[in-house]
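Under the numbering used here, think of the first position of the sequence shown as 103, with each following residue one higher.
Glycine included, each C-beta is placed from N, C-alpha and C at the ideal position.
Source: prediction; values computed, not measured.
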Amino acid sequence: MKTATTIRVAMAALALTGAQVYPTCAPASAPVLPDPVVDADYYDSGLPDPHKVELGRLLFFDKILSGNRNISCATCHHPSLASGDGVALPFGEGPGGLGRERKPGDSPERAVHERVPRNSPALFNLGAREFERLFHDGRVETDPEGHYAGGFITPAKWKLPIGLDNVLAAQAMFPVTSPTEMAGNPGENPIADAVFGNNAAGAGGAWQLLAERLQGIEAYVKRFTKAYPDRVKRREDITYVMAANAIAAFEASEFRADRSPFDDYLRGDTDGLSKSARRGMALFYGEAGCSRCHSGKFQTDHDFHAIAMPQIGPGKGDGYDGGYWRATGLNRALEDYGRGRVTFRASDRYRFRTPSLRNVTLTGPYGHAGVYDSLEDVVRHHLDPVASLHNYELAPDQLPPLDNVLELTARGASLSQNWLSDVRRDGYLLADTWVQRSARLRGNIAAANELAPIRLSDSQVRDLLSFLDSLTDPGARALEYLVPDSVPSGLPITD
Ligand code: HEC
Ligand code: HEC
Numbered sequence: 103m104k105t106a107t108t109i110r111v112a113m114a115a116l117a118l119t120g121a122q123v124y125p126t127c128a129p130a131s132a133p134v135l136p137d138p139v140v141d142a143d144y145y146d147s148g149l150p151d152p153h154k155v156e157l158g159r160l161l162f163f164d165k166i167l168s169g170n171r172n173i174s175c176a177t178c179h180h181p182s183l184a185s186g187d188g189v190a191l192p193f194g195e196g197p198g199g200l201g202r203e204r205k206p207g208d209s210p211e212r213a214v215h216e217r218v219p220r221n222s223p224a225l226f227n228l229g230a231r232e233f234e235r236l237f238h239d240g241r242v243e244t245d246p247e248g249h250y251a252g253g254f255i256t257p258a259k260w261k262l263p264i265g266l267d268n269v270l271a272a273q274a275m276f277p278v279t280s281p282t283e284m285a286g287n288p289g290e291n292p293i294a295d296a297v298f299g300n301n302a303a304g305a306g307g308a309w310q311l312l313a314e315r316l317q318g319i320e321a322y323v324k325r326f327t328k329a330y331p332d333r334v335k336r337r338e339d340i341t342y343v344m345a346a347n348a349i350a351a352f353e354a355s356e357f358r359a360d361r362s363p364f365d366d367y368l369r370g371d372t373d374g375l376s377k378s379a380r381r382g383m384a385l386f387y388g389e390a391g392c393s394r395c396h397s398g399k400f401q402t403d404h405d406f407h408a409i410a411m412p413q414i415g416p417g418k419g420d421g422y423d424g425g426y427w428r429a430t431g432l433n434r435a436l437e438d439y440g441r442g443r444v445t446f447r448a449s450d451r452y453r454f455r456t457p458s459l460r461n462v463t464l465t466g467p468y469g470h471a472g473v474y475d476s477l478e479d480v481v482r483h484h485l486d487p488v489a490s491l492h493n494y495e496l497a498p499d500q501l502p503p504l505d506n507v508l509e510l511t512a513r514g515a516s517l518s519q520n521w522l523s524d525v526r527r528d529g530y531l532l533a534d535t536w537v538q539r540s541a542r543l544r545g546n547i548a549a550a551n552e553l554a555p556i557r558l559s560d561s562q563v564r565d566l567l568s569f570l571d572s573l574t575d576p577g578a579r580a581l582e583y584l585v586p587d588s589v590p591s592g593l594p595i596t597d
């Protein structure tokens with residue numbers, strides 16, 4: 103039995119003889135493997151306060167945190183869908199149903215305004231301290247240089263309240279302020295109005311309004327008092343920051359997943375890895391070069407790379423292409439600059455964060471916009487990224503139908519919501535594939551690519567897939583027990 107340590111010693115000996123130890127050149131038989139995951143890698147050494155975790159669980163499933171009380175965190179990060187939602191791009195607040203069944207209805211309350219532009223990621227192991235950058239573009243990050251009093255670099259900048267436990271808690275401040283995801287649209291509810299008025303943090307802002315909702319529910323007051331005995335003496339003491347900290351404690355402890363066959367292997371129990379998975383592991387940490395980016399204990403360097411991943415959906419409003427306006431009469435910017443929209447550096451455009459590959463067989467669709475349904479397809483994309491980008495075609499059922507779209511129209515000072523007319527609707531739908539269809543916009547993504555093509559045989563790809571499968575913690579297949587029977591608001595948990 104070779105342990106991780108002896109393997110590293112072997113590699114060090116190689117280095118002394120002057121041989122190169124870059125992963126791409128390493129002999130397939132001697133991969134440099136990460137150290138096994140341990141409790142100390144996680145916040146609170148993996149043992150957060152159970153009262154906080156339980157409070158966080160209830161909040162995570164409670165639609166009370168959405169402006170129109172119709173969507174919870176769990177809708178897009180569901181335990182039965184491996185903490186994602188199983189679709190390329192989610193529908194946010196409005197529609198009913200879960201996963202692929204989630205579809206806009208034909209009443210204004212059940213309609214949508216647009217798709218959420220990015221794939222809803224799985225939440226596994228985000229309680230490990232090394233996950234210091236969240237979102238596909240890393241727009242929520244730890245702030246070691248202390249730019250902001252709140253302690254984190256986020257879209258709220260200096261307005262982020264203080265008292266957040268960690269970056270995961272900082273993240274939980276934001277879904278509730280997104281009109282499409284959870285807040286709703288102006289005129290629909292006071293939280294949406296506050297968001298529309300650019301007031302998340304201030305008096306009467308979205309976070310305060312949410313805290314007031316929670317203060318008004320007796321069962322939550324009890325739970326907050328238990329979770330924060332020193333700080334919650336009266337119901338008015340409850341803040342949304344406390345809610346975010348509890349949600350983070352729940353996510354960190356319940357979506358921890360480090361008991362895969364690969365973890366067992368690193369801890370010395372090598373029986374669980376098939377021969378094929380071992381060959382795949384050698385490739386991953388060797389010849390195939392995967393670990394140049396998918397490095398460390400969770401198979402991510404937490405850095406940003408451009409690998410020519412196709413983009414579908416409405417994008418993040420970056421760039422501009424007059425062609426779309428000429429074709430449809432709609433004025434929209436449909437690109438997603440990824441890290442570039444956070445740093446404002448052109449060289450960061452189309453770079454996205456390297457995703458962790460834990461439980462990756464369960465977490466499709468893949469890519470920041472969910473372009474690939476199958477794990478094999480996204481792995482093969484890496485073999486020749488630019489060619490794969492140019493050959494990509496959106497499968498007809500990859501995106502759920504975008505029916506029943508409401509448009510927000512401003513007339514003078516008043517806003518109204520109207521059904522999108524049939525004429526405009528065709529143009530609207532074209533947005534989903536516009537970047538991919540446009541040779542120029544697609545060319546921009548191709549030009550930024552930094553991943554060189556690599557040749558792998560079909561059997562090598564199969565071995566890589568076996569290795570990726572060995573990163574699956576069996577517990578991640580059975581998380582339904584996390585769904586509570588009921589939540590303190592009394593709102594339904596499913597639609
Ligand atoms: C409408 C679907 C939707 C809802 C509701 C939603 N999320 Fe998400 N979540 C997403 C999407 C999409 C992203 C990726 C966005 C991006 O990268 O720009 C994301 C990203 C995240 C991340 C970052 C993961 C990572 O690896 O960087 C966390 C953590 C998270 N969500 C937690 C939550 C919590 C907590 C709530 C409730 C307060 C919530 N989400 C509500 C869709 C949703
Ligand atoms: C240059 C860095 C780099 C290398 C090398 C690399 N990847 Fe990736 N990989 C990424 C990035 C970045 C993404 C996400 C891109 C996006 O969403 O736009 C990704 C996405 C993935 C995904 C999809 C995961 C998800 O949740 O969407 C898988 C699977 C994957 N890589 C496997 C591999 C394998 C296997 C190899 C080796 C053959 C490899 N990668 C080599 C950077 C890299």
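**Prompt:** Regarding Leu531 and ligand 1, is the C-beta to nearest heavy atom distance less than 7 Å?
**Reply:** no
**Message:** Shorter than 7 Å, the distance from the beta carbon of Thr574 to the closest heavy atom of ligand 2, or not?
**Reply:** no
**Asked** From what residue to what residue does the beta strand (DSSP E) around Trp260 run?
**Response** Segment: none, Trp260 is in no beta strand (DSSP E) and carries neither H nor E.
**Request:** Take Leu566 and list the residues in its own chain whose beta-carbon comes closer than 7 Å to its own, dropping the five residues that flank it on each side.
**Result:** Gly382, Leu385, Phe386, Ala390, Val481
**Message:** For Arg336, tell me which candidate among Gln273, Arg579, Tyr322 has the shortest Cα-Cα distance.
**Reply:** Tyr322
**Message:** On the DSSP bridge list, what partners appear for Lys205?
**Reply:** Gly198
**Item:** Rounded straight-line distance, which links the Cα of Leu375 to that of Ala448
**Value:** 43 Å
**Asked** Under a CB-based cut-off of 8 Å, is Leu228 close to chain C?
**Response** Structure shown: chain C not included; a single protein chain is present.
**Message:** Are there any heavy atoms of ligand 1 lying less than 7 Å away from the beta-carbon of His238, as far as the coordinates show?
**Reply:** yes
**Message:** Here's a check: name, in chain order, each residue in its chain whose Cβ is nearer than 7 Å to the Cβ of Arg60, leaving out the five neighbours to either side.
**Reply:** With the chain covering 103 to 597 only, the question about residue 60 has no answer from this structure.
**Message:** Which runs of the alpha helix (DSSP H) at least 4 residues long sit entirely within the region 484-550? Give them in chain order.
**Reply:** 487-493, 524-539, 541-550
**Request:** Count the other CB atoms, across all protein chains shown, that sit within 10 Å of the CB of Arg451; report buried if there are 16 or more and exposed otherwise.
**Result:** buried
**Span of the alpha helix (DSSP H) around Glu49** = Here the chain has residues from 103 to 597 only, and residue 49 is not among them.
**Cβ separation of Gln519 and Pro210, assumed to be a contact under 8 Å, to the nearest whole Å** = 7 Å
**Message:** I'd like to know if the region 213-226 and the region 254-264 are in contact, where contact means that at least 3 CB-CB pairs between them fall below 8 Å.
**Reply:** no
**Cα-Cα separation, Leu464 to Ala184** = 6 Å
**Message:** Applying the 10 Å Cβ sphere with the 16-neighbour rule, what's the burial state of Lys154?
**Reply:** buried
**Message:** Quick check: does the Cβ of Val480 come within less than 7 Å of any heavy atom belonging to ligand 2?
**Reply:** yes
**Request:** Please classify Ser476: is it buried, with 16 or more other beta-carbons within 10 angstroms of its beta-carbon, or exposed?
**Result:** exposed
**Request:** Give the straight-line distance between the Cα atoms of Ala230 and Tyr367, rounded to the nearest whole angstrom.
**Result:** 20 Å
**Item:** Opposing strand residues paired with Arg455 [DSSP bridges]
**Value:** Phe406
**Prompt:** Considering Tyr367, what are the terminal residues of the alpha helix (DSSP H) in which it resides?
**Reply:** 363-368
**Prompt:** Is DSSP giving Asp420 helix, strand or coil here?
**Reply:** strand
**Request:** May I have the straight-line CA-CA distance separating Leu236 from Asp245, to the nearest angstrom?
**Result:** 12 Å
**Message:** Among Ala497, Arg526, Pro457, Ala213, whose alpha-carbon lies nearest the alpha-carbon of Ala429?
**Reply:** Arg526
**Message:** In the DSSP output, which residue or residues are listed as bridge partners for Ala230?
**Reply:** Tyr144
**Message:** Restricting to Cα atoms, I'd like to know which of Glu509, Asn221, Ser168, Asp339 is closest to Leu191.
**Reply:** Asn221
**Message:** Gly199 and Val189 - do their beta-carbons sit closer together than 8 Å?
**Reply:** no
**Request:** Have a look at Ser168 and Glu290 and give me their C-alpha separation to the nearest angstrom.
**Result:** 11 Å
**Request:** Output yes or no for whether 8 Å exceeds the beta carbon distance between Asp164 and Pro590.
**Result:** yes
**Message:** Assuming Lys598 is part of the alpha helix (DSSP H), what are its boundary residues?
**Reply:** No statement about residue 598 is possible, as the shown extent of the chain runs from 103 to 597 and does not include it.
**Prompt:** Distance, Cα to Cα, Phe446 vs Leu531?
**Reply:** 29 Å
**Request:** Would you kindly work out how many angstroms separate the C-alpha atoms of Pro263 and Gln562, rounded to a whole number?
**Result:** 50 Å
**Message:** What I want to know is whether the C-beta of Cys178 ends up closer than 7 Å to one or more non-hydrogen atoms of ligand 2.
**Reply:** no
**His153 (DSSP reduced to helix, strand or coil)** = helix
**Request:** Would you mind reading off the limits of the alpha helix (DSSP H) that contains Tyr322?
**Result:** 320-329
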